[in-house]
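To start, the structure itself, in structure tokens.
Number of protein chains: 4
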Amino acid sequence: MTSHHFEPTTYYISFGSHPPALRIASGDTVATSSIDASGINARGEQVAGSPNPETGPFYVEGAEPGDILQVHLDYLYPNREIGYSSTLLAPHVVDPSYVSLLPERKRVEWRIQPDSNTAVLITPLPGLPDFYLPLSPMLGCLGVAPPDGQAISSATSGPYGGNMDYYGCTAGTSFYFPVFVPGALLHLGDGHAVQGDGEVVGTGIEISFDVRFTVHLLKGKQIHWPRGENADFIFTLGNARPLDQALQHATTEMLVWLQEDYGLDTYAASTLLGMCVQYDLGNIYDPAYTMVCRLSKRWLGSS
Amino acid sequence: MTSHHFEPTTYYISFGSHPPALRIASGDTVATSSIDASGINARGEQVAGSPNPETGPFYVEGAEPGDILQVHLDYLYPNREIGYSSTLLAPHVVDPSYVSLLPERKRVEWRIQPDSNTAVLITPLPGLPDFYLPLSPMLGCLGVAPPDGQAISSATSGPYGGNMDYYGCTAGTSFYFPVFVPGALLHLGDGHAVQGDGEVVGTGIEISFDVRFTVHLLKGKQIHWPRGENADFIFTLGNARPLDQALQHATTEMLVWLQEDYGLDTYAASTLLGMCVQYDLGNIYDPAYTMVCRLSKRWLGSS
Amino acid sequence: MTSHHFEPTTYYISFGSHPPALRIASGDTVATSSIDASGINARGEQVAGSPNPETGPFYVEGAEPGDILQVHLDYLYPNREIGYSSTLLAPHVVDPSYVSLLPERKRVEWRIQPDSNTAVLITPLPGLPDFYLPLSPMLGCLGVAPPDGQAISSATSGPYGGNMDYYGCTAGTSFYFPVFVPGALLHLGDGHAVQGDGEVVGTGIEISFDVRFTVHLLKGKQIHWPRGENADFIFTLGNARPLDQALQHATTEMLVWLQEDYGLDTYAASTLLGMCVQYDLGNIYDPAYTMVCRLSKRWLGSS
Amino acid sequence: MTSHHFEPTTYYISFGSHPPALRIASGDTVATSSIDASGINARGEQVAGSPNPETGPFYVEGAEPGDILQVHLDYLYPNREIGYSSTLLAPHVVDPSYVSLLPERKRVEWRIQPDSNTAVLITPLPGLPDFYLPLSPMLGCLGVAPPDGQAISSATSGPYGGNMDYYGCTAGTSFYFPVFVPGALLHLGDGHAVQGDGEVVGTGIEISFDVRFTVHLLKGKQIHWPRGENADFIFTLGNARPLDQALQHATTEMLVWLQEDYGLDTYAASTLLGMCVQYDLGNIYDPAYTMVCRLSKRWLGSS
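Protein sequence lines, in the order shown, are assigned to chains F, P, L and B.
Read in my numbering, the first sequence has 916 at position 21, and its numbers run on one by one without any break.
Read in my numbering, the second sequence has 1048 at position 153, and its numbers run on one by one without any break.
Read in my numbering, the third sequence has 1138 at position 243, and its numbers run on one by one without any break.
Read in my numbering, the fourth sequence has 984 at position 89, and its numbers run on one by one without any break.
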């Protein structure tokens, strides 16, 4: 149960079997930082390329393919004053016939105000005077190394996690990833101070973060897609295109979970999902889209 | 501002230019009822075929193509004791490789308890003993007649509304539909006592309803997809396959709405959506899927 | 085995249970005509609205739901001199990021030259001087009335056929449609003198046609999607979005056909498709896309 | 213009920046071999893992990001007697409601007969007695290393090529790939003696191959997706899900090609595609699907 403080110096723009940045044990906590999606750190220095340079990977001692890595996000917060966001819906989230009406994409800036826990829009936009939003810090990227020696761009996602851009990837949440390589190799990055569903403009409020997380290894238990949990909900994440397929992955993973761990047969699990499931749209911007299948713990017994 | 009481005797299984069941004026309120998706009424009698037999159509005097019909749902409540639901995820919402593991579909029954505002599962299912859910009555079907003399099955949906199976179609909510034919021809049906996102088992708790609604005509204002509003949110609905396309329709409609009615230019509207939008999954069961683009009114000025 | 000559006077812009234009018997042949997609006839007169006004419907005596209607296209040929086509790829067939580079859509005209069986481009386009194409006359629309009292726009398609825009819908080909209503109610229209795969600009060379066809009724044999046959191939057509789903429908219909009529079990039918199937893209322009699953008769025994 | 003979000893199951197997120059020809998709070589020995172990990568001297690598397939032929194929349509190419009717997947074997240039089915299947097919040898996998240090499973494909499973990847065909890394790093593998469109059973007739190819470097010319050419056609390949998106990539690449190299403006290029384009389905089995946009050279001037 060691507490590590880790200052990253190298960043990777893919999820892969890169040389471990730090070796940790199950139960350990790591305080570290992430730089923004364009490679700028807390001091405004360009220290890596884009997209989404990742902190890590963290090698978890004893992790083997077929295990699960639990990652609890203890703390996430912007560690500089100014973040930025894009100002234009992605052409693939509007009707094809509307695309030619969109103007040129540009950036706006936001000031992070920790006192009020808000982000204030500092680039003037018509119709949004004195505009600010409550902070809701989240990690756009979180995941482990994929199997078969792959190294996959941090622009996208898969069964190993990655750039899922799920607004529910917040402090107080635990994620569960299938382990594909020895050490699991945890990567994290792409902090957003605020982001709506789907990351439909291609960014949240992009900014560097201070991050603290704790890992636990669950030996010999297999899952096929990332899972998660917070105080109120359990959830599963599917990453694919189109959204329909992302939803199929997340729903199947939840169906299996309910049957294996909660004592429900297929009928009971289906009935529960049919009447109570909630779906969140992670991202509809990246090469793989993300759908989240979420269920309130109030419907689940004390198993 | 007449209050009508209308007892339906004929039901249609398509949204179309059927003979009007009742002629009403802008501002009028209608108290009526709907039968369940399989055609069974409040007294348990089979009075129509499936799928989703519709009450109406209601002819709104003065409505012309190019207008908007506003429908406020004043009241919705089950009007009989027993509802039913399906017990199996649809094969197209799980991974194709998982489909062959699904058992035979069957029905379960629920007892509606108005005193506690709950639905109690009365068919035993392993893992769900003494299971009940809070009621959240909603209409699966709501819409007007489509253009060009079409009559389209009440199993599906389109720009005219239809079988959208959106759990947000509840009392206290207003919907706005484009008018395609003289009189608009409002249809409603397919009441669900409870339903999760997506209607992933192909049913909610299906039951007959008492319904009261009020219409208003908004002359000479064009929209392309249904819109809606409740105390806290405005929203738009896109109906298509795949989900990606349904989302494009809903998002484009919202983008236009923010620009036309809320004083935002494309950059401001996109920024607001990028940081604050929420998406709801209406249905992923019917021939056309439904995605809802929703925005909190707290971000919108007093326009 | 009567030969009818039918001069249409009314055209419908939906596939539906419209009043029959002519009553015919199984084995009958009908010589008739179709107007172009915009409602212009052989003499250049605007005689109907758009899209795709249909000739018919033809009521086939004795046709009942659960039967199959075979339609053999005996003859198709443009019956006027000038046709037109659009000049721009549809925004949904190019990358979303490319859409804003597309200029305004416009029309070009073509002269039909029966002597050489060619269409000559008569509107100058840079890079296409003296450009002509061999004629390959086909019907964009062919189908029967859908079930449940529906009337569905002739812009789209479904299990009943409709606007499939398949370049293989040529003289010498037979189509098989499921019968959903008494009389089957055959519709046809939307002649193209030439068209590439997918109708990717939204038109072929649009023109009015002389058409001759022969119908046969196959009693008591059910199919779920249109099938077809010519001298060399059997094929099935699926109509849906996205293409993936259209392909699923066409492939499943072919798999069933091979098992029911050609003495193959699932393994043999799958093996044959795996090694020998060809897929054609009907349309990727209309609300429902069309994929065609095609198999050479050389691989099929004499069953 | 050296002719190399290269006997592979190492195989990779990803397209990536692996250590070069051989360094060659523009204009060089390489005679080599590939093992089958399951890692079995010409002598029936298991020499690598699955899926689709690749021969190479071949480092082309002087190739830099922003160049094009042309690969001409000079010769392809099975180099052992027995190949195998799967016998069952993939669950995602049939209707979801049909999936549960599919039996267990199994393998059948085929004997390659060079004298008659045929493959003879040697595992008995009901309805296919004495069944044989003409050989049409093709490579399922062909491509270069992806950018950004990625290594991507040889089960899938992208802008760099990969597992496209296009039946048109035959001797006599040239492919053009964008170069993303120094040396381009050409990979090849996954030979099929015969395969239908789409690889709908998940295999062709899988077998090891003798392969001869010739490379040419085209300096300083950028493309975004693979292109190809044979005696009669030019074509482009898009790799993505769903098919709609794969088609968008291929069509956009062709539109750009026609404008940049063939003297057509957008209207002329669109018109040509609209009336003459053909689409081939590469694969609808792998994680990314492949659509091919193909145009006959007879419509293109002598540019």
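Note that the Cβ used here is the ideal one computed from N, Cα and C, for glycine as well.
Only a predicted model underlies this, so the values are computations on that prediction, with no experimental measurement involved.
Residue range of the beta strand (DSSP E) that includes residue i
i, result
"D969(F)", "963-973"
"W1005(P)", "1002-1008"
"P948(B)", "Where P948(B) is concerned, there is no enclosing beta strand (DSSP E), given that its DSSP letter is neither H nor E."
"S980(L)", "977-981"
"V1015(L)", "1013-1016"
"S1191(B)", "1184-1191"
"T927(P)", "924-929"
"R918(F)", "917-919"
"S909(P)", "909-911"
"S898(F)", "898-900"
Bounding residues of the alpha helix (DSSP H) (the contiguous stretch that carries residue i)
i, result
"Q1162(P)", "Sequence check: residue 1162(P) is Tyr here, not Gln. First-last of the alpha helix (DSSP H) with Y1162(P): 1161-1171."
"L1150(F)", "1138-1156"
Short CB-CB distance (under 8 Å) between residue i and chain P
i, result
"Q1143(F)", "yes"
"S1069(B)", "no"
"Q1154(L)", "no"
"Q1140(L)", "yes"
Same chain only: Cβ atoms within 8 Å of residue i, ignoring 5 sequence neighbours per side
i, result
"S1198(B)", "Residue confidence is low: S1198(B) scores 44 on pLDDT, short of 50, so the model does not pin down where it sits. Its coordinate-derived value is still stated next. These residues qualify, in order along the chain: D1156, Y1157, G1158."
"N947(F)", "I908, A932, G1035, C1036, S1049, A1050, N1058, G1084, D1085"
"E1069(B)", "For clarity, residue 1069(B) is Ser in the given sequence; the question names Glu instead. The answer, listed in chain order, is Q965, V966, H967, L968, G1123, E1124, N1125."
"Q1117(F)", "G961, I963, P1073"
Within-8 Å CB hit, residue i to chain L
i, result
"Q941(P)", "no"
"Q1173(B)", "yes"
"L997(F)", "yes"
"A889(P)", "A query on residue 889(P) cannot be resolved here, the shown segment of chain P reaching from 896 to 1198 and no further."
Own chain residues within Cβ distance below 6 Å of residue i, not counting five before or after
i, result
"T1234(B)", "Coverage of chain B is limited to positions 896 through 1198, which leaves residue 1234(B) absent and any answer about it impossible."
"A926(L)", "H900, R1107"
"R1122(F)", "Y1071, T1131"
Residue-level contact to chain F via CB, residue i, 8 Å cutoff
i, result
"H1087(L)", "no"
"L1176(L)", "no"
"A1135(B)", "yes"
"M1170(P)", "yes"
"D1043(B)", "yes"
"I908(B)", "yes"
Straight-line Cα distance separating residue j from residue i
i, j, result
"L1199(B)", "T1098(B)", "Any question about residue 1199(B) goes unanswered here, given that chain B covers just 896 to 1198."
"V1151(B)", "P952(F)", "40 Å"
"S921(B)", "L968(B)", "14 Å"
"L997(P)", "P1137(P)", "23 Å"
"D990(F)", "D1139(P)", "10 Å"
"S981(P)", "L1190(F)", "18 Å"
"P1032(P)", "T1147(P)", "29 Å"
"R1193(B)", "L1023(L)", "12 Å"
"A985(F)", "I1179(P)", "23 Å"
"R918(L)", "G1044(P)", "23 Å"
"L964(F)", "E1124(F)", "13 Å"
Beta carbon proximity, residue i to chain B, threshold 8 Å
i, result
"S992(P)", "yes"
"H987(P)", "yes"
"G911(F)", "yes"
"S1191(L)", "no"
Residues near residue i in its chain [Cβ-Cβ closer than 7 Å; skip 5 each side]
i, result
"G1053(P)", "P1041, I1047, N1134, A1183"
"M1186(P)", "G1133, L1138, A1141, L1142, A1145, Y1174, L1176, G1177"
Can you list, in chain order, the stretches of the beta strand (DSSP E) that have 3 or more residues and sit fully within the segment 1069-1137 of chain B? 1069-1073, 1081-1087, 1104-1113, 1122-1124, 1128-1135, all fully within the segment 1069-1137 of chain B.
What ranges does the beta strand (DSSP E) occupy inside the segment 1030-1067 of chain B, keeping only unbroken runs of at least 3 residues that lie completely in it? Counting whole runs of 3 or more residues, the segment 1030-1067 of chain B contains the beta strand (DSSP E) stretches 1033-1038, 1046-1048, 1056-1058.
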